[in-house]
Amino acid sequence: MFEDLLEDIAQKNGIRQVNTYLKLTAGTGAILLCLLSSSYFAPLFIVVLLTSGILFLARVDVKTYTILFLHFVALALVSVAGIVLIYGGDTVFWIWHPVSWFSLSITRESVNQGFFVFCRIIGGMSGVCFIALTTPMTDLFTVMRQCRIPEVVIDLAMIIYRTIFFLMDQVKQIYHAQVMRLGYSGWRESIHTFSMMCGAAFIASWDAGDDLIRAMDARCYDGKFALLGENRPVELRPLLALCIFLLAASAAVVTSQGMTLL
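Residue numbers (my numbering): -4 to 257.
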């Protein structure tokens, strides 16, 4: 079980009080610049900048961030492996013909393309991580309402988000109870225990939904949830830091066009 939830980290990070729009601009700007880049250098540069901001400005635990980021790296490596083997090219380093009509090869062009895609993925994911680790969902819901997103969409998102945490708590309690009763001592017992946990979690979530409906009726729910997010002012130092980051990343995108690994 991943004990440090992203929401807990976002609520306690070092730049929690920075204006939400500035943090969203930094994260989405990094993603867009990674998509606009034509070389691997700019996405790697963005990864370094955002990782430094997450670790030193937001003061997120290094181990927690490393574990989270390695999940994205593993996913990127699996995707890139296929690109490297089937992309093709003129300068061949290795080739294999498993059947007469199909071949796998590693070429200079495929390595360059694979590394470029890998850097793009981790660059975009660093922007997602920056938003997730520095901006609580309550602030995002406030931004959604200010952007005039339909109320029914916001309320549905809030209910789903609440239910996720409820299910995680229920599964955690059931799992620990099953472990104490040696429910996972064998292969057959593990399958039976896991199915029992799924059934118990489904029943608990159904009951929690009924309780939520009754609570909403008791509080005269009129189709609009109250939001507790704050509208923080835009301060000069965070604004300057955002401008420097975007300018530096944009300069990296422009100056590194056409750069390849090999």
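Built from N, CA and C at the ideal position, the CB exists for glycine as well.
Going by alpha carbons, who is nearest to residue i out of the options?
| i | options | result |
| --- | --- | --- |
| L135 | G122, I208, M153, S180 | M153 |
| A234 | G9, I4, D3, N14 | The question names Ala, yet the displayed sequence has Leu at residue 234. Ranking the options by Cα distance to L234, first place goes to N14. |
| G77 | L65, L99, W91 | L99 |
| V138 | L30, L0, R227 | R227 |
| L257 | E230, F88, Y170 | F88 |
| P93 | E104, A21, C193, L80 | L80 |
| Q141 | Y16, Q12, I4 | Y16 |
| L207 | T130, H66, T23, L151 | L151 |
| I117 | G22, I155, M191, H187 | G22 |
Helix, strand or coil for residue i per DSSP?
| i | result |
| --- | --- |
| P38 | helix |
| W89 | strand |
| L72 | helix |
| V94 | strand |
| L256 | coil |
| S100 | strand |
| I116 | helix |
| Y156 | helix |
| Y179 | coil |
| D217 | coil |
Check the C-beta distance from residue i over to residue j and give it rounded, since I have them as a contact under 8 Å.
| i | j | result |
| --- | --- | --- |
| T102 | G83 | 6 Å |
| G9 | A53 | 5 Å |
Go through its chain and collect everything with a Cβ distance to residue i's Cβ below 6 Å, but skip five positions before and after it.
| i | result |
| --- | --- |
| L39 | C114 |
| L1 | A127 |
For residue i, I'd like the list of residues in its chain whose CB is within less than 7 Å of its CB, leaving aside the five on either flank, ordered along the chain.
| i | result |
| --- | --- |
| V252 | The sequence shown places Gln at residue 252, rather than the Val named in the question. Excluding positions up to five away in sequence, the list reads S33, S34. |
| F36 | A247, S251, M254 |
| I49 | V55, Y60, C124, F125, L128 |
May I ask which residues mark the beginning and end of the alpha helix (DSSP H) holding residue i?
| i | result |
| --- | --- |
| I198 | 182 to 213 |
| D3 | 1 to 7 |
| P233 | 231 to 250 |
Only counting the same chain, and skipping five residues up and downstream in sequence, which positions put a Cβ closer than 8 Å to that of residue i?
| i | result |
| --- | --- |
| M(-4) | In this prediction, M(-4) has a pLDDT of 40, which is less than 50 and means its spatial position is unreliable; what the coordinates show is noted afterwards. Excluding positions up to five away in sequence, the list reads K167, Y170. |
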